[in-house]
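Written as structure tokens, this is what we have:
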């Protein structure tokens, strides 16, 4: 262990990511958060666990990222009533997860925003779905949600959602505006809350991975992969190199599919039907290849516990290389057209800007952070197989506006295409599935961490097993938790009609956030 | 601009046409009153009632130039007041029940409800629990169920073709 760790002794967390964990009392926990923050650390996730049945109490976990390492810091909430020290003054990104902790587990911290976050009316304020003794939930009446009011002459509110104008996920946006200028945007989420974490706790891994791959449909590979990594670490699977290569191939193909779709939608929102049509066709062909080679247009169920579901033969690998060459040529042509299109660039440039400073303050991650010049990428920050064997390009843009996110998506398509070629060239022979772990040899870990750099950013899955075989707690963290507040900042001081463009340039998850 | 025009002129047709793919087996029975009322142009309002977003991706894909749902006279509208068909996805989270009912009530008659995907049909991986109702039919009357996780764009195109009474 490195001496530069400023806090208590840390134990290695099972899993391919460089992660360490420690349990401490509340004051030390808050102190450790502050120490890491002052040394450039960031909050990657915040969640809780009911471990009362094995005497550990109600636990609060912070996952910090610092200096190429992940630190899983745990504290037990003080009982009666359960509470823990607030850290949202240290990490603003903690504010909404803290509210979710109150909703789901009844663990409070003071002082913090007293409004519920994920809970609307599906269960009452005195019931906590993630507690072991939760009975099922009494549905209450719809109560109005107090949005933060903005005062001043001529200020009014525009309420949008939960049903939006287009074919997208449900959420509510409250704009405070003067004329067309946005003074403040506040979002309210939780409409897509499906109780997925509660269910995951009861499912055997073979079934759990199917559910994990159906929580955020555009990121099914990233979610299933992160879940598989955590379960495999817990049970001691050794993943064969070929399966690792194919997993990365699936993840990079998912990245390209989403970038193609969003670039088309951005053209459409800016009124360039040509671009929407062209990207729509490119994405469609890409998805048809998924169906042909992996049996599902969005690659659901292609990752299994211990490996991957299907192999690629030599002809498929050659076909994929040809497809990549064709795709890149088409994308280059469209990139030239879009970058030369004055009308389109006029809409994109200086619209929806987030600064690097804002990204750092709010612990922004993924593609949105990289478009503002902040390199946040699980594949680079926390090197793990198979990316350690591949030639990584790390495209960055610095402007942080819609144009930068568009430019970065183009660059990431090319970077992912390069990675795919590299994966295909280096794909080792061998089995697709890890041998069944020898349970007599492996001392079963109590905690494990998996993570994948999905197209939006880092997706984490943590699994905790307390007392015995069946019972475990699964937490899934979507990068949108950190990036929704960034989107709100990006919309501030902009124009209402620019919001669809800004929103689409981020394209954050609702279901992945609401779980 | 010259490149854009050149690109438009040289964009070919998709190599495979839809007829090359076998149609799905879903039966849809649009009443004659509905068919005559919509006059061959169907306005669709989509509502995501807690889906994972994969169904939304396939609905959007049905509108791309390959499947070209618009060619059947199907268009997506922003308000349920302009809609003939309510296209609902997801296991209906409890937090979306009010919105789904409001959207349905706001539609003029005759109207049809299409439950899109296994979750909306009640046979998906997201079952009813403390946060979800479990299927669209438990909230509003459902006329047509399209299964799949997610159903492919072709399933939607075929359902709409039958609704519109087009060959």
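Protein chains in written order, with the working numbering: chain A, 588 to 1102; chain B, 45 to 211. Glycine included, each C-beta is placed from N, C-alpha and C at the ideal position. A quick note: this is a predicted structure, and the numbers were derived from the prediction, not measured.
For residue 1016(A) against residue 834(A), the beta-carbon gap comes to about 16 Å, at or over 8 Å, which does not count as contact.
Residue 843(A) has its alpha-carbon roughly 14 Å from the corresponding atom of residue 913(A). Taking C-alpha positions only, residue 927(A) is separated from residue 991(A) by approximately 15 Å. Contact annotation: in the segment 905-925 of chain A, residues whose CB is within less than 7 Å of a CB in chain B are 920, 923 and 924.
Just so you know, the alpha carbons of residue 672(A) and residue 617(A) end up roughly 6 Å apart. Residue contact with chain A for residue 137(B): present (Cβ-Cβ distance below 8 Å to some residue of chain A). Chain order gives no chain B residues near residue 843(A), where near means a beta carbon separation below 8 Å; the closest approach is about 14 Å.
When secondary structure is reduced to three states using DSSP, residue 722(A) falls in the coil class, being assigned neither helix nor strand.
The segment 100-119 of chain B makes contact with the segment 73-88 of chain B: 3 or more CB pairs, one atom from each, lie closer than 8 Å. In this structure, the straight-line span from the alpha carbon of residue 79(B) to that of residue 207(B) is close to 7 Å. DSSP places residue 1086(A) within a helical segment (H, G or I) once states are collapsed to three. Residue contact with chain A for residue 120(B): present (Cβ-Cβ distance below 8 Å to some residue of chain A). Short of 7 Å from the beta carbon of residue 1099(A), and not among the five residues preceding or following it, lie these beta carbons of its own chain, in chain order: 802, 803, 806, 1065 and 1067. Going by DSSP, residue 775(A) is part of the beta strand (DSSP E) stretching over 768-775. Within the segment 772-785 of chain A, contact with chain B at the beta-carbon level (separation under 9 Å) is assigned to 777, 778, 779, 780, 781, 782, 783 and 785.
Just so you know, the alpha carbons of residue 190(B) and residue 863(A) end up roughly 27 Å apart. From the listed residues 1083(A), 1089(A), 956(A) and 1037(A), the smallest Cα separation to residue 629(A) is found for 956(A). Counting the other CB atoms within 10 Å of its CB gives residue 818(A) a total of 16 or more, which places it among the buried residues. Neighbours of residue 147(B) across chain A, judged by C-beta separation under 7 Å: 750. C-alpha of residue 106(B) to C-alpha of residue 129(B): approximately 16 Å in a straight line. Taking the Cα positions, residue 995(A) is about 25 Å away from residue 754(A). Judged by pairs of C-beta atoms under 8 Å, the segment 715-726 of chain A does not touch the segment 745-763 of chain A, as fewer than three such pairs exist. Chain A places a beta carbon closer than 8 Å to that of residue 143(B), counting this residue as a contact. In this structure, the alpha-carbon of residue 50(B) lies about 30 Å from that of residue 197(B). By the rule that beta-carbons nearer than 8 Å mark a contact, residue 170(B) touches chain A. In this structure, the CA atom of residue 159(B) is about 10 Å from the CA atom of residue 92(B). Distances from the alpha-carbon of residue 874(A) to those of 890(A), 845(A), 901(A) and 859(A) put 845(A) closest. Taking each of 952(A), 936(A), 961(A) and 934(A) in turn and checking the Cα distance to residue 943(A), the smallest one comes out for 961(A). Looking at the DSSP output, residue 644(A) bridges to 638(A). Proximity of residue 191(B) to chain A, defined by a Cβ-Cβ separation below 8 Å, is not satisfied. Per DSSP, the unbroken alpha helix (DSSP H) holding residue 201(B) starts and ends at 197-208. Residue 808(A) carries a helical assignment under DSSP once its states are collapsed to helix, strand and coil. Rounded to whole angstroms, the Cβ separation of residue 987(A) and residue 959(A) is 3 Å, and the two are in contact under 8 Å. Per DSSP, the unbroken alpha helix (DSSP H) holding residue 881(A) starts and ends at 860-881.
Between residue 802(A) and chain B, the shortest Cβ-Cβ separation is below 8 Å. In the DSSP assignment, the residues bridged to residue 1040(A) are 1045(A).
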